[in-house]
Amino acid sequence: DTEVTQTPKHLVMGMTNKKSLKCEQHMGHRAMYWYKQKAKKPPELMFVYSYEKLSINESVPSRFSPECPNSSLLNLHLHALQPEDSALYLCASSQDPGQGFREQYFGPGTRLTVT
Amino acid sequence: RKEVEQDPGPFNVPEGATVAFNCTYSNSASQSFFWYRQDCRKEPKLLMSVYSSGNEDGRFTAQLNRASQYISLLIRDSKLSDSATYLCVVNEGGGFKTIFGAGTRLFVKA
Numbered sequence: 001d002t003e004v005t006q007t008p009k010h011l012v013m014g015m016t017n018k019k020s021l022k023c024e025q026h027m028g029h030r031a032m033y034w035y036k037q038k039a040k041k042p043p044e045l046m047f048v049y050s051y052e053k054l055s056i057n058e059s060v061p062s063r064f065s066p067e068c069p070n071s072s073l074l075n076l077h078l079h080a081l082q083p084e085d086s087a088l089y090l091c092a093s094s095q096d097p098g099q100g101f102r103e104q105y106f107g108p109g110t111r112l113t114v115t
Numbered sequence: 116r117k118e119v120e121q122d123p124g125p126f127n128v129p130e131g132a133t134v135a136f137n138c139t140y141s142n143s144a145s146q147s148f149f150w151y152r153q154d155c156r157k158e159p160k161l162l163m164s165v166y167s168s169g170n171e172d173g174r175f176t177a178q179l180n181r182a183s184q185y186i187s188l189l190i191r192d193s194k195l196s197d198s199a200t201y202l203c204v205v206n207e208g209g210g211f212k213t214i215f216g217a218g219t220r221l222f223v224k225a
C-alpha cells in the first residue's frame with residue numbers, strides 16, 4: 001500500500017482566516033514533506049520532517065507553519081495568507097532516509113484558493 | 116544554469132512510436148534519480164528510480180550517465196495513456212533536498 005491521504009481536497013479561504021491542511025500515511029515512512037505547486041510549474045519543496053523533527057525549511061514565510069504530531073501525520077497550518085499563495089499543496093513521504101535517499105510517494109494534494 | 120533541466124516539449128507522437136526524454140543536472144554530487152509522471156491536476160506518481168546500471172520496466176527504460184550528468188527515459192510502443200508530463204527528480208548528496216525538473220509534456224495521438 002503506497003497511499004498518502006490529504007484533506008481537504010479543496011479549500012477556499014480569506015486572507016484573515018486560519019486553516020490547516022492534513023496529511024496521513026501508514027507505510028511506516030519516517031520522512032514527510034510539504035510541497036507547493038503552481039500551475040504549469042514543478043513542485044517546490046517547502047518543509048521536510050525526519051523522525052518527526054523539522055529537517056528542512058526552504059525559507060518559507062511564517063504564515064505557513066508545519067507540524068508533525070506523530071510519524072504518520074503531518075499538518076500545515078495556514079494564517080494570513082496572500083492571494084499568491086493559491087496553489088496545489090502536496091504532501092509526500094519516503095522510507096527511512098538513513099540508507100540513502102528513497103523515492104517519495106505523493107498524496108493527491110489540497111487545491112488552495114486564497115481570496 | 117538551472118540545477119535540473121528538461122526540454123519542456125511538447126512532444127507530439129503517434130501511438131506506437133518510441134520517444135526519449137533527457138534530463139541534465141548540474142550538481143556532480145547528486146546521488147539519486149527518479150522519473151515521475153504527472154497527469155493534469157493530479158499528483159506526481161513515481162514511474163521509475165534510475166540506477167547506475169540502468170533499469171527497465173516493461174515499455175520504459177531509464178539510464179544514468181554520470182560522466183555527462185544526465186538521465187534519460189525511453190518509452191517504447193507509446194499508448195494514448197502515456198500522455199502526461201514527465202518530471203525528472205534529482206536528490207543532491209543523499210540529504211532530503213530534491214530538485215524537480217520543469218517537466219516534459221508528452222501527447223500521444225491516435
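Line by line, the protein sequences are chains A and B. Counting from 1, one number per residue, gives the positions in the first sequence under my numbering. Counting from 116, one number per residue, gives the positions in the second sequence under my numbering. The beta carbon of each residue, even a glycine, is placed where N, CA and C say it ideally should be. Keep in mind that this is a model prediction, so the values were computed, not measured.
Query: Are the Cβ atoms of L73/A and E24/A separated by less than 7 Å?; Result: yes
Query: Identify the continuous beta strand (DSSP E) that holds E24/A and give its terminal residues.; Result: K18 to Q25
Query: Quick one: is R220/B buried, meaning 16 or more other Cβ sit within 10 Å of its Cβ, or exposed?; Result: buried
Query: Please name the residue in V204/B, F126/B, F175/B and Q184/B whose C-alpha comes closest to that of S141/B.; Result: Q184/B
Query: Taking C-beta pairs closer than 8 Å, name the residues in chain B that A31/A reaches, listed in chain order.; Result: F211
Query: Using alpha carbons as the reference points, say which of V114/A, T115/A, T113/A and G109/A lies closest to E158/B.; Result: G109/A
Query: Could you check the C-alpha separation between L81/A and M32/A for me, to the nearest Å?; Result: 23 Å
Query: In three-state terms, what does DSSP make of E118/B?; Result: coil
Query: Provide the residue(s) that pair with E67/A in DSSP beta bridges, ordered along the chain.; Result: N75/A
Query: Compare the C-alpha of H29/A against each of R111/A, T113/A and F106/A and name the closest.; Result: F106/A
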